[in-house]
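See structure below.
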Amino acid sequence: MRLHYACRQLGIPLEAIKVIPEHSQSGTMDVTLLQKQIQQDVGNNRTPLLVVADIGASLCGYVDNLLRLRDVCKAHNMWLHASGHGLAALVCAQNQGHVEEVLHSMALNLGSWLGVPSLPIVLLHRPLQNSALSAFESDPILSRRLNALSLWTSLQALGRKAIAERLHVAFQTCSILFEIASKCEGIRVLSHTPGAQTGASLSDVIQRPFDVQALFDAAAPVVAYQFDGSTTIPLGGSGSSAAAASADRETAEGLKPLEKINNASYFDRLNSWLGQILQRDCPNFDFEVIEHPTHGSCIRYCPLELGLGEQPPSSENLESFAQSLDAHVDILRATIKHKARFIHLVERSEVLRLVPLPEWAGMGGVRFVPEGWESLLTDQAKTELNKLNIDLVEALKSTDNAFSLGEGTDGLICVRFGMVTHETEVEELLDLVVTVGKSVQENSRVLDTMSEIVKKGIEAVTADLQRESEEKLWQEGILRHVPVVGRVFNWWSPPAKESGIKGRSLNLTQGVVESTENIYKYHMQMTGATAHQLPANRSPPTPMVQTPVGAPASPPVFPTVEPVPGNGNGSGTSEGTPVQSGEASGSMPAASVATPSAAPTQNHVDHARTVSQSSAASSSVPELVAASSAINNN
1 MRLHYACRQL GIPLEAIKVI PEHSQSGTMD VTLLQKQIQQ DVGNNRTPLL
51 VVADIGASLC GYVDNLLRLR DVCKAHNMWL HASGHGLAAL VCAQNQGHVE
101 EVLHSMALNL GSWLGVPSLP IVLLHRPLQN SALSAFESDP ILSRRLNALS
151 LWTSLQALGR KAIAERLHVA FQTCSILFEI ASKCEGIRVL SHTPGAQTGA
201 SLSDVIQRPF DVQALFDAAA PVVAYQFDGS TTIPLGGSGS SAAAASADRE
251 TAEGLKPLEK INNASYFDRL NSWLGQILQR DCPNFDFEVI EHPTHGSCIR
301 YCPLELGLGE QPPSSENLES FAQSLDAHVD ILRATIKHKA RFIHLVERSE
351 VLRLVPLPEW AGMGGVRFVP EGWESLLTDQ AKTELNKLNI DLVEALKSTD
401 NAFSLGEGTD GLICVRFGMV THETEVEELL DLVVTVGKSV QENSRVLDTM
451 SEIVKKGIEA VTADLQRESE EKLWQEGILR HVPVVGRVFN WWSPPAKESG
501 IKGRSLNLTQ GVVESTENIY KYHMQMTGAT AHQLPANRSP PTPMVQTPVG
551 APASPPVFPT VEPVPGNGNG SGTSEGTPVQ SGEASGSMPA ASVATPSAAP
601 TQNHVDHART VSQSSAASSS VPELVAASSA INNN
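The opening residue of the sequence shown carries number 1 in full-length UniProt numbering; numbering runs sequentially from there.
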């Protein structure tokens, strides 16, 4: 990007920049391809001018071979420029040397190395024998040396010794992190190996005579690594008998842990999860998750990219990082080991379906689908299926936090499985999902039945109240409801005190709609549990109206008006005889009603009504029958 900016400022076309591919093994610039490119440009009447070497500036901190690049540039009279965090190792060198013999110029980002923002990037180059340029730089009007004042002040305040110690600690931290990551099973280190060519550490190299290539090779400014599942130990984990038995069973069934070569996107999600966990558990390390063009997602640490006030981690922080990395990588190894068996068992299940989750790093997702539902996945069925799986996840969360709610690419809800350990039994987890799923399915059926009962109960109550209102109007006559005449008629012949319309209550236990006169009389709902609160030798009174919910359309029986004997036109009536109010079908209870034979136009002081719908077809209320007989005898 800096070269693009320079080309735009100088008016040079961007085609003048040639990118040299890196070596397939070392990750550095391929010098052979560089020589071929130079020869090709010379053959096309082009003039090669500049070669930019990478000294730890890439994502993985690779260091180009400066000695070979120097020879190539010297042979073609080209300028060799270097940039990168590895140049900070020059400050750590204790013996003097002449780096200008290898490089023509280099860029130093001291603000990033020292954690001091707004410091300018310094360009160091060989002195030029140009009188015109020297006169230009010495002109007091045109010079811009004040831009470096903040840099000069920072260097004077810190001192060379403090700066050298800080940078040396940063390189040592990278070396320790490289060693920790290299020893962790399942981790692959992608960055430059400290001392890969010489085999010497930075502390040894800085004590020797100055060697620029050995110095840059021993100093590793970046550590980049990723989890790829590679391991040299048995997959049983900590060596427990259960884990070993599980590994043997999976080997016998031909199940192998997932490999990155066939599951690159899934391993990218695993590395993203690992990076987020390390950022949370190790806040003193500035870890970042990056996308490598070849290896995919990886975790990168660079102690030379410091912010304001940031310091390299201490030895205690390094120990904490090692423990956290081992623990979480062990979880990742267990997850990829169990995922193969997880997929195998879900594919064999009759009620579980595997759900692809592109953004989920756990073991996977499943959907509970009852038998026969897949062939009838209408919009309503999908809604019911989502509701069933949501209830399933809520029930599973109460037993284990490893379950969570997810959504597949088809928009349907599923159960997500998180990370697992080596001791986890995948069969038990899936059996738990199936068992709880069937239980939730049965409970949903009960709730649907209960809601249907309530719905039918409301319909029955509405019909009962409408019929009773019509019956009351028929018995009392229209005159009582005329605005003026009704008041005179009610004064002359007062209506019965209990002739009002009774309310209704739904008894979910018995599935019947009952009248509410007992609730207002005893100020409680009369059930079997409250029967002992009545006086001795008294049984709970039967509600005057009982209508079974969901029964065939059979209108309930309402009370009739008892005429008062000797009041003009009326004559004595005989005792009411129970009659059937409707034909009951099947096991429907019969309705027994005490009905008088007199006309309903006479005055009355009370009414004797009993409607009993119970399992006994001939049940009646003795108290009401006796009261009716006493009235008739009078």
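Yeah, the Cβ is synthetic: ideal placement off N, Cα and C, and Gly gets one too. Computed from a predicted structure; not experimentally measured.
The distance from the Cβ of residue 341 to that of residue 426 is about 5 Å, consistent with a contact at the 8 Å cut-off. About 6 Å separates the Cβ atoms of residue 174 and residue 221, confirming a contact at the 8 Å cut-off. The residue from 212, 345, 218 and 367 with its alpha-carbon nearest to that of residue 409 is 367. Comparing C-alpha distances from residue 51 to each of 310, 223 and 73 shows the shortest one belongs to 73. In this structure, residue 190 lies away from residue 162, with their beta-carbon atoms at least 9 Å apart. For a cut-off of 8 Å, the C-beta gap from residue 419 to residue 294 is around 27 Å, too long to register as a contact. Nearest Cα to residue 403 within the set 411, 389 and 412: 389.
Scanning 422, 65, 302 and 297 for the CA closest to the CA of residue 284 turns up 302.
Cβ neighbours of residue 484 within its own chain (closer than 6 Å, five residues either side excluded): none.
Annotated as proximal: residue 20 and residue 33, with beta-carbon spacing under 9 Å. Looking at 512, 318 and 513, the one whose alpha-carbon comes closest to that of residue 178 is 318. Judged by their CB atoms, residue 84 and residue 63 are nearer to each other than the 9 Å cut-off. Note that the C-beta distance between residue 476 and residue 495 is below 9 Å. Uninterrupted alpha helix (DSSP H) stretches at least 4 residues long and entirely within the segment 141-178 occur at 149-158, given in chain order. Counting the other CB atoms within 10 Å of its CB gives residue 98 a total below 16, which places it among the exposed residues. Shown here, residue 335 sits in a helix according to DSSP, grouped into three states.
Annotation for residue 108: the continuous beta strand (DSSP E) segment containing it runs 105-108.
Annotation: residue 199 to residue 215 spans about 11 Å, alpha carbon to alpha carbon.
One thing to note: residue 192 has its Cβ no nearer than 9 Å to the Cβ of residue 330. Residue 430 places its beta carbon 9 Å or farther from that of residue 399. For residue 53, the uninterrupted beta strand (DSSP E) run begins and ends at 50-54, by DSSP. Taking the Cα positions, residue 325 is about 8 Å away from residue 184. When the alpha-carbon of residue 66 is set against those of 106, 38 and 93, the nearest one is in 106. Rounded to whole angstroms, residue 359 and residue 16 show a C-alpha spacing of 41 Å. Per the DSSP secondary-structure output, residue 297 pairs in a beta bridge with 291.
DSSP, read as helix, strand or coil, puts residue 180 in helix. Taken in chain order, the complete alpha helix (DSSP H) segments of 4 or more residues contained in the segment 442-492 are 485-492. Sequence-distant Cβ neighbours of residue 4 in its own chain, meaning closer than 8 Å and more than five residues away, are 14 and 17.
About 18 Å separates the beta carbons of residue 518 and residue 548, which is beyond the 8 Å limit, so they are not a contact pair. Close CB contacts of residue 505 within its chain, under the 6 Å cut and outside five residues either way in sequence, are with 514 and 516 (chain order). Residues 412 and 413 of the same chain have their beta carbon placed closer than 8 Å to that of residue 386, with the five preceding and five following residues left out of the count. For residue 501, the secondary structure class from DSSP, reduced to helix, strand or coil, is coil. By the Cβ neighbour-count rule, residue 168 is buried, with 16 or more other Cβ atoms within 10 Å of its own. Check the Cα spacing between residue 332 and each of 125, 229 and 8: the tightest is with 229. Counting only runs of 3 or more residues that sit fully inside the UniProt domain "PDXDC1-like third" (342-445), the beta strand (DSSP E) segments are 352-355, 364-368, 403-407 and 413-417, in chain order. The residues 110, 111, 150, 151 and 154, in chain order, have a CB closer than 7 Å to that of residue 119 in the same chain once the five nearest residues on each side in sequence are set aside.
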